[in-house]
Amino acid sequence: MSVKKLTVSKESTYSIRSNKSTFIAYLFPLVNESEFKGQLNVIKKLHAKASHFCFAYQCGDPLSTRANDDGEPSGSAGLPILGQLKSNQLINAGCIVVRYYGGTKLGIPGLISAYKNACLGAIHANECTPYIEFLRIQVHGTYPSLMRFLSIATQQGWNATLNSFQEEHVIHVQIEQEQKQRVLNKISLFSDLTWS
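Residue numbers in the sequence shown follow this note's numbering, run continuously in steps of one, and reach 440 at the last position.
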């Protein structure tokens, strides 16, 4: 039995205090790493006086996973955040936990608990929805047939775009996995169309 993957469609925040330190978690939807960097820059400007910006994310196709302790002891911040994303089956999501140091050291177990619980709080404050895996198909062939296929794809409500490179034309179709056979059936109606 496969585990159902989830994602988030909006940003949520959650904050906790531990031994005079404040931890503020930001959980948000994410498509790729460059989008994450933009979000990190925004949060760093918003919390210019914070001492740490620890994070984790899982996003992209193929899946890219990363965790960062941002100066906290190794494994005490980024990995606990990533652990919450993984244990809650979150894909295409990132979490940044901002720490304002309160003057008292928490020790590694205290840090792990604070970062983990801040992230978990942001997950519970969000609405997790099923993650839909998309399949990308390239359709090749003569221009007239591609245009007829594009018309069918549009009628079916499939996300299809025509790209032209000098003399070659290709249609890129992005669909949900379970629609694959329907798309291939429509392609097979044309003797001069192939797919990859």
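Glycine residues also receive a C-beta, built at the ideal position from the N, C-alpha and C atoms.
(request) Check whether the Cβ atoms of ALA321 and VAL341 sit closer than 8 angstroms, and answer yes or no. (result) For this step, residue 321 is matched to residue 77 along the sequence shown. For this step, residue 341 is matched to residue 97 along the sequence shown. Yes, the Cβ-Cβ distance between ALA321 and VAL341 is below 8 angstroms.
(request) Please state whether DSSP places GLU356 in a helix, a strand or coil. (result) Here residue 356 refers to the residue found at position 112 when the sequence shown is read from its first residue. The identity of residue 356 in the sequence shown is Ile, whereas the question assumes Glu. It is helical.
(message) Taking 8 angstroms as the threshold (C-beta atoms), are SER262 and ALA358 in contact?
(response) Within the sequence shown, residue 358 is the residue found at index 114, counting from 1. Within the sequence shown, residue 262 is the residue found at index 18, counting from 1. A contact, by the Cβ cut-off of 8 angstroms.
(request) Put PRO273 into one of helix, strand or coil per three-state DSSP. (result) To locate residue 273, count along the sequence shown from 1; it is residue 29. Looking at PRO273 - three-state DSSP - the assignment turns out to be strand.
(message) By alpha-carbon positions, which one of THR386, PHE299, GLU277, GLY346 ends up nearest to LEU307?
(response) Taking the first residue of the sequence shown as position 1, residue 307 is located at position 63. From the listed residues THR386, PHE299, GLU277, GLY346, the smallest Cα separation to LEU307 is found for GLU277.
(message) Quick test of the definition: if touching needs 3 or more C-beta pairs under 8 angstroms, does the stretch 368-385 touch the stretch 398-418?
(response) The stretch 368-385 makes contact with the stretch 398-418: 3 or more CB pairs, one atom from each, lie closer than 8 angstroms.
(request) Verify whether the separation of the beta carbon atoms of ASP265 and ALA369 is less than 8 angstroms. (result) For this step, residue 265 is matched to residue 21 along the sequence shown. For this step, residue 369 is matched to residue 125 along the sequence shown. Strictly speaking, residue 265 in this sequence is Ser, with Asp absent from that position. Cβ atoms of SER265 and ALA369: not closer than 8 angstroms.
(message) Check whether the stretch 345-353 and the stretch 372-382 are in contact - that is, three or more C-beta pairs closer than 8 angstroms.
(response) Result no; under three Cβ-Cβ pairs closer than 8 angstroms.
(request) Entirely within the stretch 376-422 and at least 4 residues each: give me those alpha helix (DSSP H) ranges in chain order. (result) Taking only runs of at least 4 residues, the alpha helix (DSSP H) segments lying wholly in the stretch 376-422 are 387-400.
(request) Have a look at PHE267 and ASP305 and give me their C-alpha separation to the nearest angstrom. (result) As a position in the sequence shown, residue 267 is number 23, starting the count at 1. As a position in the sequence shown, residue 305 is number 61, starting the count at 1. Going by the C-alpha atoms only, they are around 31 angstroms apart.
(request) Determine the extent of the alpha helix (DSSP H) in which PRO324 is found, giving its start and end residues. (result) In the sequence shown, counting from the first residue as 1, residue 324 sits at position 80. Counted as a single uninterrupted DSSP element, the alpha helix (DSSP H) harbouring PRO324 occupies residues 322-331.
(request) Locate the alpha helix (DSSP H) running through ASN312, then write down its first and last residues. (result) Within the sequence shown, residue 312 is the residue found at index 68, counting from 1. From DSSP, ASN312 is part of no alpha helix (DSSP H) but of the beta strand (DSSP E) over 308-312.
(request) Excluding the 5 residues preceding and the 5 following LEU326 in the sequence, name in chain order all residues of the same chain whose CB lies nearer than 6 angstroms to its CB. (result) Residue mapping note: residue 326 aligns to position 82 of the sequence shown, counting from 1. Here the set comprises ALA300, ALA311.
(request) Could you check which residue in LYS360, HIS296, LYS289 has the C-alpha nearest to that of GLY315? (result) Position 71 of the sequence shown, counting from 1, holds the residue named residue 315. The residue with the shortest Cα to Cα distance from GLY315 is HIS296.
(request) Reducing DSSP to helix, strand and coil, say where HIS368 ends up. (result) Walking along the sequence shown from the start, residue 368 turns up at place 124. In this structure, HIS368 counts as helix in the three-state DSSP scheme.
(request) Mind checking who ILE340 pairs with in its DSSP beta bridge? (result) Your numbering for residue 340 matches position 96 in the sequence shown. Note: ILE340 is bridge-paired with TYR270, PHE299 in the DSSP secondary-structure output.
(message) If you reduce the DSSP assignment to three classes, tell me which class LEU284 lands in.
(response) Position 40 of the sequence shown, counting from 1, holds the residue named residue 284. For LEU284, the secondary structure class from DSSP, reduced to helix, strand or coil, is helix.
(message) So, with DSSP's three-state summary, where would you put MET245?
(response) Counting from 1 along the sequence shown, the entry for residue 245 is found at position 1. Any reading at MET245 must be qualified, since the residue scores a pLDDT of 40, below 50, and its modelled position is unreliable; no value is offered.
(request) Return yes when the Cβ of GLN328 is within less than 8 angstroms of the Cβ of LEU364, no when it is not. (result) Taking the sequence shown and counting its residues from 1, the one referred to as residue 364 is at position 120. Taking the sequence shown and counting its residues from 1, the one referred to as residue 328 is at position 84. Contact flag set, yes.
(message) At the level of alpha carbons, what is the spacing between GLN399 and ALA292?
(response) Translated into the one-based positions of the sequence shown, residue 399 becomes position 155. Translated into the one-based positions of the sequence shown, residue 292 becomes position 48. If I take the Cα positions, the gap works out to 50 angstroms.
(request) Measure how close the beta-carbons of THR251 and THR438 come, nearest whole angstrom, since I'm counting them as under 8 angstroms. (result) Position 7 of the sequence shown, counting from 1, holds the residue named residue 251. Position 194 of the sequence shown, counting from 1, holds the residue named residue 438. Between THR438 and THR251 the Cβ distance is about 33 angstroms, and since that is not below 8 angstroms, they are no contact.
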